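*Asks:* Chains as they are written, first to last, in my numbering: chain R, 12 to 303; chain C, 36 to 168. Heads up, the beta-carbon is just placed ideally off N, CA and C, and yes, glycines get one too. Quick caveat, the model's predicted, so the values are computed rather than measured. This structure is in structure tokens; I'll ask about it shortly.
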């Protein structure tokens with residue numbers, strides 16, 4: 012297990028590189044979602060497929076999550092951007108990277124591209140959007156619900172989850188409640204500094220935005236396309252917010268194609284995913300993200 | 036000074052030596068099985084050590100690990116623990132064992148039911164393939 016000290020926080024990092032002397036065609040940084048999520052959602056799904064396709068894959072646990080350190084405070088979007096910036100500096104990754112983010116992780120990925128356009132080769136958003144005032148209001152609602160239902164009535168909420176979902180989900184929810192209770196995360200995120208439409212427009216690299224057809228976020232697709240100079244949106248029918256964990260093969264294929272177009276190696280991406288088929292669905296569901 | 040004693044001792048020593056020098060097909064099969072069992076036992080011992088390292092972080096020591104122990108229900112491991120386990124396996128076995136690929140090929144229910152024994156078998160098998168290839 013690799014821990015990287017950014018100077019502010021110790022972050023858990025995992026890296027998967029192409030094996031057998033295969034040349035690296037791109038570097039991708041994968042950012043996971045909030046509360047119940049960790050880099051495990053990528054480790055057993057997209058990451059091995061990407062590495063086989065010639066991509067140097069960097070995954071890390073956001074502060075407070077997974078195996079990373081859990082400071083009491085510092086969970087605004089800018090804090091996460093500072094963490095990512097420092098992490099890549101420590102890893103000496105200076106060239107442009109492909110940023111991939113699921114849910115909140117996508118807002119981090121996009122924020123990083125807006126802050127450092129020269130360091131972003133592309134952005135893939137999975138069930139996500141750039142951080143705007145509307146985003147902050149939505150996050151506030153979701154996080155308030157977590158705080159009231161889980162942090163304050165935890166026993167009842169967990170009993171309901173165990174009865175109606177599974178023991179595994181209840182265990183994840185318990186971890187999420189602990190994170191919400193022990194840190195300022197739920198209060199910090201809604202007061203994050205957000206992007207203006209001009210700042211969003213300034214992201215000129217290719218952006219791929221994937222949504223589940225049944226997700227409320229799918230409404231954001233036309234808005235994103237109208238705003239960004241180079242944006243393609245993909246809707247995966249029959250899925251909601253958990254499209255990454257429910258259909259990792261489809262999600263991975265779309266992202267690989269986009270990365271492949273950027274490097275002129277489309278065929279590589281296709282071969283890589285075909286070798287694997289629908290990879291890692293089981294583990295992804297095991298690490299299933301409930302909510303966002 | 037009973038002459039039969041040294042004679043008997045000599046006979047006892049000679050019997051196993053004869054067997055080792057001239058193993059028959061009948062003798063080789065159980066030795067092969069025994070080796071496979073020894074492999075499983077040593078891999079199980081390795082895994083038990085790794086799981087002890089993992090569970091220690093949760094303040095759990097003294098958890099009994101057997102072939103039928105499940106990762107999810109019995110050990111209550113979360114997916115991030117499986118990432119750590121993947122790292123420990125890589126430290127021990129290098130590229131010969133790919134835990135991420137092993138899990139990536141499974142359905143959700145299989146992971147929930149995954150036992151230590153199934154991973155032991157996978158490791159033993161992977162090591163054999165690596166040795167042969």
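(1) Let me see if you follow: with CB-CB separation under 7 Å, is residue 284 of chain R close to chain C or not?
(2) If residue 154 of chain C sits next to residue 95 of chain C, beta carbons under 8 Å apart, how far is it from one beta carbon to the other, in whole angstroms?
(3) Please name the residue, chosen from R:16, R:30, R:239, R:253, that lies closest to residue 73 of chain R on a Cα-to-Cα basis.
(4) First and last residue of the alpha helix (DSSP H) that includes residue 137 of chain R?
(5) Between which residues of its own chain and residue 158 of chain R is the CB-CB distance below 7 Å, once the five residues before and five after are set aside?
(6) Under 7 Å between the Cβ atoms of residue 213 of chain R and residue 87 of chain R?
(7) So is residue 193 of chain R buried or exposed if we call it buried at 16+ other beta carbons inside 10 Å?
(8) Output yes or no for whether 7 Å exceeds the beta carbon distance between residue 241 of chain R and residue 217 of chain R.
(9) Show which residues of chain C have a CB atom less than 9 Å away from the CB atom of residue 25 of chain R.
(10) Starting from residue 178 of chain R, follow the alpha helix (DSSP H) in both directions and report where the run begins and ends.
(11) Output needed in chain order: residues of the stretch 124 to 145 of chain C with a Cβ under 9 Å from some Cβ in chain R.
(12) Checking the sheet assignment: what are the DSSP bridge partners for residue 109 of chain R?
(13) Distance, Cα to Cα, residue 68 of chain R vs residue 113 of chain R?
(14) So the candidates are R:105, R:142, R:101, R:129; which of them puts its Cα closest to the Cα of residue 121 of chain R?
(15) Let me check understanding here. Comparing Cα to Cα, which of R:53, R:81, R:30, R:184 lies closest to residue 19 of chain R?
(16) Quick check on DSSP: helix, strand or coil for residue 166 of chain C?
(17) Quick check on residue 37 of chain C: buried or exposed, where buried means 16 or more other Cβ atoms within 10 Å of its Cβ?
(18) Who are the near neighbours of residue 133 of chain C in its chain, counting only those whose CB is closer than 8 Å to its CB and skipping five residues on each side?
(19) Have a look at residue 115 of chain R and residue 128 of chain C and give me their C-alpha separation to the nearest angstrom.
(20) Buried or exposed: residue 54 of chain R, going by 16 or more other Cβ atoms within 10 Å of its Cβ?
(21) Please report how far the alpha carbon of residue 179 of chain R lies from the alpha carbon of residue 221 of chain R, in whole angstroms.
(22) Indicate the three-state DSSP secondary structure (helix, strand or coil) for residue 71 of chain R in the structure shown.
(23) Tell me the DSSP bridge mates of residue 16 of chain R?
(24) Taking the beta carbon of residue 227 of chain R as the centre, do at least 16 other beta carbons fall within 10 Å, making it buried, or is it exposed?
(25) With residue 126 of chain R as the anchor, note down where its alpha helix (DSSP H) starts and where it stops.
(26) Between R:146, R:189, R:148, which has its C-alpha nearest residue 165 of chain R's C-alpha?
(27) Which residues of chain A have a Cβ atom closer than 7 Å to the Cβ of residue 113 of chain R, listed in chain order?
(28) For residue 175 of chain R, does the count of other Cβ atoms within 10 angstroms reach 16, so buried, or fall short, so exposed?
(29) Is the CB-CB distance between residue 108 of chain R and residue 41 of chain R below 7 Å?
(30) Are the beta-carbon atoms belonging to residue 139 of chain C and residue 248 of chain R less than 7 Å from one another?
(31) Any idea what DSSP makes of residue 118 of chain C, helix, strand or coil?
(32) Going by C-alpha distance, which of C:84, C:157, C:89, C:158 is nearest residue 117 of chain C?
(33) Mapping the DSSP letters down to three states, classify residue 28 of chain R as helix, strand or coil.
(34) Given that residue 51 of chain R touches chain C, what residues does it touch there, using C-beta distances under 9 Å?
(35) Quick one, are the C-beta atoms of residue 79 of chain R and residue 23 of chain R less than 7 Å apart?
(36) According to DSSP, residue 222 of chain R sits in a beta bridge with which residue or residues?
*Replies:* So, from the data block:
(1) For this step, residue 284 of chain R is matched to residue 273 along the first chain. At residue 284 of chain R the pLDDT is 38, less than 50, meaning the model places this residue with poor confidence; the figure from the coordinates comes in the next sentence. Put simply, the CB of residue 284 of chain R is far from chain C, with every gap to its CB atoms at 7 Å or more.
(2) The residue you call residue 154 of chain C lines up with position 119 of the second chain. The residue you call residue 95 of chain C lines up with position 60 of the second chain. Between residue 95 of chain C and residue 154 of chain C the Cβ distance is about 19 Å, and since that is not below 8 Å, they are no contact.
(3) Stepping through the first chain from its first residue, residue 73 of chain R is reached at position 62. Comparing Cα positions, the closest option is R:16.
(4) Locating residue 137 of chain R in the first chain gives position 126, where the first residue counts as 1. For residue 137 of chain R, there is no enclosing alpha helix (DSSP H); the residue is found in the beta strand (DSSP E) stretching over 131 to 137.
(5) Translated into positions along the first chain, residue 158 of chain R becomes position 147. Excluding residues within five positions, the ones whose Cβ falls inside 7 Å are 191, 197.
(6) Position 202 of the first chain, counted from the first residue, corresponds to residue 213 of chain R. Position 76 of the first chain, counted from the first residue, corresponds to residue 87 of chain R. Residue 87 of chain R is positioned such that its CB atom lies no closer than 7 Å to that of residue 213 of chain R.
(7) Looking up residue 193 of chain R in the first chain gives position 182. Classification of residue 193 of chain R: exposed, given that the 10 Å Cβ count is below 16.
(8) Your numbering for residue 241 of chain R matches position 230 in the first chain. Your numbering for residue 217 of chain R matches position 206 in the first chain. Annotated as proximal: residue 241 of chain R and residue 217 of chain R, with beta-carbon spacing under 7 Å.
(9) On the first chain, residue 25 of chain R is found 14 positions in, with the first residue counted as 1. By Cβ distance, chain C contributes 118, 121, 122.
(10) Mapped onto the first chain, residue 178 of chain R falls at position 167. Unbroken alpha helix (DSSP H) run through residue 178 of chain R: 178 to 193.
(11) So the list reads 130, 133, 134, 135, 136, 138, 139, 140, 141, 142, 143, 144, 145, given in the order they occur along the chain.
(12) Against the first chain, residue 109 of chain R aligns to sequence position 98. Paired residues: R:39, R:133.
(13) Here residue 68 of chain R refers to the residue found at position 57 of the first chain. Here residue 113 of chain R refers to the residue found at position 102 of the first chain. Using only the alpha carbons, I get a separation of about 15 Å.
(14) Locating residue 121 of chain R in the first chain gives position 110, counting from the first residue. Just measuring C-alpha positions, the residue of R:105, R:142, R:101, R:129 sitting nearest residue 121 of chain R is R:142.
(15) Here residue 19 of chain R refers to the residue found at position 8 when the first chain is read from its first residue. Distances from the CA of residue 19 of chain R to each of R:53, R:81, R:30, R:184 were compared; the closest alpha carbon is that of R:81.
(16) Within the second chain, numbered from 1, the residue matching residue 166 of chain C stands at position 131. Correct three-state label for residue 166 of chain C: helix.
(17) Taking the first residue of the second chain as position 1, residue 37 of chain C is located at position 2. A caution first: residue 37 of chain C carries a pLDDT of 45, below 50, which makes its placement in the model too unreliable to give a value.
(18) Counting from 1 along the second chain, the entry for residue 133 of chain C is found at position 98. Correct list, in chain order: 161.
(19) Along the first chain, read from residue 1 onward, the residue named residue 115 of chain R stands at position 104. Along the second chain, read from residue 1 onward, the residue named residue 128 of chain C stands at position 93. Roughly 36 Å separates the two Cα atoms.
(20) Taking the first chain and counting its residues from 1, one reaches residue 54 of chain R at position 43. With 16 or more other Cβ atoms within 10 Å, it is buried.
(21) Position 168 of the first chain, counted from the start, is the residue given in the question as residue 179 of chain R. Position 210 of the first chain, counted from the start, is the residue given in the question as residue 221 of chain R. Computed Cα separation, rounded: 27 Å.
(22) Within the first chain, numbered from 1, the residue matching residue 71 of chain R stands at position 60. In this structure, DSSP gives residue 71 of chain R an extended state, which the three-state scheme calls strand.
(23) Indexing the first chain from 1 puts residue 16 of chain R at position 5. The bridge partners DSSP lists for residue 16 of chain R are R:21.
(24) The residue given as residue 227 of chain R occupies position 216 in the first chain. The residue in question, residue 227 of chain R, is exposed, as its Cβ has fewer than 16 Cβ neighbours within 10 Å.
(25) Looking up residue 126 of chain R in the first chain gives position 115. Taken as a continuous stretch (DSSP letters only), the alpha helix (DSSP H) holding residue 126 of chain R covers 115 to 126.
(26) What you label residue 165 of chain R is simply residue 154 of the first chain in a count that begins at 1. Minimum Cα distance to residue 165 of chain R is reached at R:189.
(27) Within the model displayed, chain A is absent; protein chains R and C are what it includes.
(28) One-based indexing of the first chain puts residue 175 of chain R at position 164. If you draw a 10 Å sphere on the C-beta of residue 175 of chain R, you find fewer than 16 other C-beta atoms in it, and that means exposed.
(29) Position 97 of the first chain, counting from 1, holds the residue named residue 108 of chain R. Position 30 of the first chain, counting from 1, holds the residue named residue 41 of chain R. Taking 7 Å as the cut-off, the beta carbon of residue 108 of chain R is found no closer than this to the beta carbon of residue 41 of chain R.
(30) Locating residue 139 of chain C in the second chain gives position 104, where the first residue counts as 1. Locating residue 248 of chain R in the first chain gives position 237, where the first residue counts as 1. No, the pair does not count as a contact, with Cβ atoms beyond the cut-off.
(31) In the second chain, residue 118 of chain C corresponds to position 83, counting from 1. Reduced to three states, the DSSP call for residue 118 of chain C is helix.
(32) Start at 1 with the first residue of the second chain, and residue 117 of chain C comes out as number 82. Nearest option by C-alpha distance: C:89.
(33) Translated into positions along the first chain, residue 28 of chain R becomes position 17. Of the three classes helix, strand and coil, the one that applies to residue 28 of chain R here is coil, per DSSP.
(34) Position 40 of the first chain holds residue 51 of chain R. In chain order: 113, 114, 115, 116, 117, 118.
(35) In the first chain, residue 79 of chain R corresponds to position 68, counting from 1. In the first chain, residue 23 of chain R corresponds to position 12, counting from 1. Their beta carbons are under 7 Å apart, which means residue 79 of chain R touches residue 23 of chain R by this criterion.
(36) For the purposes of this step, residue 222 of chain R is taken as the residue at position 211 of the first chain. Answer by DSSP bridge pairing, in chain order: R:246.
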